[in-house]
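Engineer: Next up is a structure, given as structure tokens.
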Amino acid sequence: MIVLNGQRSELRAGETVAAALACLQLTPDARGVAVAVDGEVVPRSTWETFALGEGARVEVLTAMQGG
Amino acid sequence: MALSAPHHTAADTDELILAGRTLHSRLLLGTGGFPSLELMAAAIAVSGSELVTVALRRIDPAARGSLLDVLAEAGVQLLPNTAGCHTARDAVLTAKLAREAFATDWIKLEVIGDEDTLLPDAPELLRAAEELVADGFVVLPYTTDDPVLARRLQDVGCAAVMPLGAPIGSGMGIRNPYNLALLRDAVDVPVVLDAGIGTASDAALAMELGCDAVMAASAIARAEDPVRMARAMRAAVEAGRLARTAGRIPRRLYATASTLEEGRAEFFG
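If you read the sequences in order, they're chains A and B.
So the first sequence is residues 1 to 67, counted in the numbering used here.
So the second sequence is residues 68 to 336, counted in the numbering used here.
Laid out in structure tokens, this is it:
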């Protein structure tokens, strides 16, 4: 089970960060987006290769009004 | 008699250098709280601000935001913040994600220590600042008005300090102008008044006390007419800066006549 932005997702271990992005209707060229997996930044350059482990917590963040 | 040109005061070309970047406006804007992106864009345009904050939050696939497009259109530099972070660890990770998302190493560092007052957590703030500076970030920390903490933040390499005048969003103005004046003297880096501004006179006072810039968020965004308030803040920051650089008269308890005593008529014996 993979947790995507705080929700249980359909993703399975072994799928990539790019697959997680696709669940959110995002492509790897999405602008203004950053990804953390288990509290570590996953650089954009590795989104298509970074494989998610079982129980991974994926956070996909973008700009919001604030401050 | 030769008259000096009245339009060429020092403050007319009075740019702010912040981490090597030249800013022509001494007003920073927060983007939170505007009723619409249109009003936000109009307020930014009227304010003249060149540096505006954005937060980092989970993406909502339903609400494909055009916030970044609007800000790009406005031609402003993004200043991502770490709003909502309560630990150095969270703040450092958020800063790194912001760098990844927005391709900027500038970060407005906020580490909150209390839910009700949203006051900064000093030890966590200092720890996060040190770590981020070491990682190459341009760190602008939201801090209390404590002059000693401000100096410690400067010492670990922060590019500026952003003291509060009062709690975030409180609109209470500058509750301790004496501390702010002490803080101003305690550091060499730019001082940007961050929180507490409620109306234009608060911004002017901050500048008169020697702040290099003022950050306004709720005061503009949540005003009844945000665009009009943006104009007011711009004018206030400019007025306060002019007054500061003009050098005000000292305060005196008793009157000092503004008209010469000499040559006064004596009408009766």
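All C-beta atoms, glycine included, are put in the ideal place defined by N, C-alpha and C.
1) Only counting the same chain, and skipping five residues up and downstream in sequence, which positions put a Cβ closer than 6 Å to that of Val259(B)?
2) Starting from the beta carbon of Thr98(B), find every residue of chain A whose beta carbon is closer than 8 Å, and list them in chain order.
3) Evaluate contact between the stretch 15-33 of chain A and the stretch 154-162 of chain B, counting only Cβ atoms and requiring at least three cross-stretch pairs below 8 Å.
4) Skipping 5 residues on each side, what residues in its chain have a beta carbon closer than 8 Å to that of Glu10(A)?
5) Measure the C-alpha to C-alpha separation of Leu185(B) and Glu48(A) and round it to an integer number of angstroms.
6) Could you spell out where the beta strand (DSSP E) holding Ile174(B) opens and where it closes?
7) For Ala170(B), which of Pro208(B), Met107(B), Gly203(B), Asp222(B) has the nearest alpha-carbon?
8) So with Cβ pairs under 8 Å, would you call Glu10(A) a contact of chain B?
9) Which of helix, strand or coil does DSSP assign to Met1(A)?
10) So for Thr312(B), helix, strand or coil by DSSP?
11) Between Pro28(A) and chain B, is there a C-beta pair that is closer than 8 Å?
12) Once the 5 residues before and after Glu54(A) are set aside, which same chain residues still bring their CB inside 6 Å of it?
13) Tyr321(B) bridges to which residues according to DSSP?
14) Please confirm if the stretch 298-306 of chain B is in contact with the stretch 132-139 of chain B, defined as three or more CB-CB distances below 8 Å between the two stretches.
15) What would DSSP say about Arg166(B), mapped onto helix, strand or coil?
16) Go ahead and pull the three-state DSSP assignment for Gln221(B).
17) Counting Cβ pairs closer than 8 Å, one from the stretch 303-317 of chain B and one from the stretch 284-294 of chain B, do we hit at least three?
18) How would you label Gly366(B), buried or exposed, when you count the other beta carbons within 10 angstroms and need 16 or more for buried?
19) Roughly how many angstroms lie between the CA atoms of Gly263(B) and Ala34(A), to the nearest whole one?
20) In angstroms with no decimal places, state the Cα-to-Cα distance between His74(B) and Glu182(B).
21) Could you name the residues of the stretch 119-131 of chain B whose beta carbon sits closer than 9 Å to any beta carbon of chain A, in the order they occur along the chain?
Structural biologist: Taking the coordinates as given:
1) Translated into positions along the second sequence, residue 259(B) becomes position 192. Close CB contacts of Val259(B) within its chain, under the 6 Å cut and outside five residues either way in sequence, are with Ala227, Met229, Ala280, Met282 (chain order).
2) Locating residue 98(B) in the second sequence gives position 31, counting from the first residue. Residues of chain A passing the Cβ test: Gln65, Gly66, Gly67.
3) Pairwise C-beta distances place the stretch 15-33 of chain A out of contact with the stretch 154-162 of chain B, as fewer than three of them are shorter than 8 Å.
4) Counting from one through the first sequence, the residue named residue 10(A) turns up at place 10. Non-local beta-carbon contacts of Glu10(A) in its own chain, meaning distances under 8 Å to residues more than five positions away in sequence, involve Cys23 in chain order.
5) Indexing the second sequence from 1 puts residue 185(B) at position 118. Indexing the first sequence from 1 puts residue 48(A) at position 48. Leu185(B) and Glu48(A): Cα-Cα distance of roughly 39 Å.
6) The sequence position of residue 174(B) within the second sequence is 107, counting from 1. 173-176 is the span of the beta strand (DSSP E), which, as asked, contains Ile174(B).
7) Translated into the one-based positions of the second sequence, residue 170(B) becomes position 103. If we check each option's Cα against that of Ala170(B), Gly203(B) comes out closest.
8) For the purposes of this step, residue 10(A) is taken as the residue at position 10 of the first sequence. Not one chain B Cβ lies under 8 Å of Glu10(A).
9) If you number the first sequence from 1, residue 1(A) lands on position 1. In the structure shown, Met1(A) falls within a coil segment according to DSSP collapsed to helix, strand and coil.
10) Numbered from 1 along the second sequence, position 245 holds the residue referred to as residue 312(B). Residue state, collapsed to three classes: helix.
11) The count along the first sequence starts at 1 and reaches residue 28(A) at position 28. No, no contact with chain B.
12) Residue 54(A) sits at position 54 when you count from the first residue of the first sequence. In its chain, beyond the 5 residues on either side, Ala13 have a beta carbon closer than 6 Å to the beta carbon of Glu54(A).
13) Against the second sequence, residue 321(B) aligns to sequence position 254. DSSP output for Tyr321(B) lists no bridge partner at all.
14) Too few Cβ pairs lie closer than 8 Å, so no.
15) On the second sequence, position 99 is the one that residue 166(B) refers to. The answer is helix: DSSP assigns Arg166(B) an H, G or I state.
16) For the purposes of this step, residue 221(B) is identified with residue 154 of the second sequence, where counting begins at 1. The DSSP-derived three-state label of Gln221(B) is helix.
17) Contact between the stretch 303-317 of chain B and the stretch 284-294 of chain B is absent: fewer than three C-beta pairs spanning the two stretches fall below 8 Å.
18) There is no way to answer for residue 366(B), as the model of chain B reaches only from 68 to 336.
19) Position 196 of the second sequence, counted from the start, is the residue given in the question as residue 263(B). Position 34 of the first sequence, counted from the start, is the residue given in the question as residue 34(A). In this structure, the CA atom of Gly263(B) is about 31 Å from the CA atom of Ala34(A).
20) Position 7 of the second sequence, counted from the start, is the residue given in the question as residue 74(B). Position 115 of the second sequence, counted from the start, is the residue given in the question as residue 182(B). Unreliable positioning characterises His74(B) in this predicted model, as indicated by a pLDDT of 48, which lies under 50. The coordinate reading is nonetheless provided below. Taken atom to atom, the span from the alpha-carbon of His74(B) to that of Glu182(B) is near 48 Å.
21) Taking a C-beta cut-off of 9 Å against chain A, the contacting residues of the stretch 119-131 of chain B are Val119, Thr120, Val121, Ala122, Leu123, Arg124, Arg125, Ile126, Asp127, Pro128, Arg131, listed in chain order.
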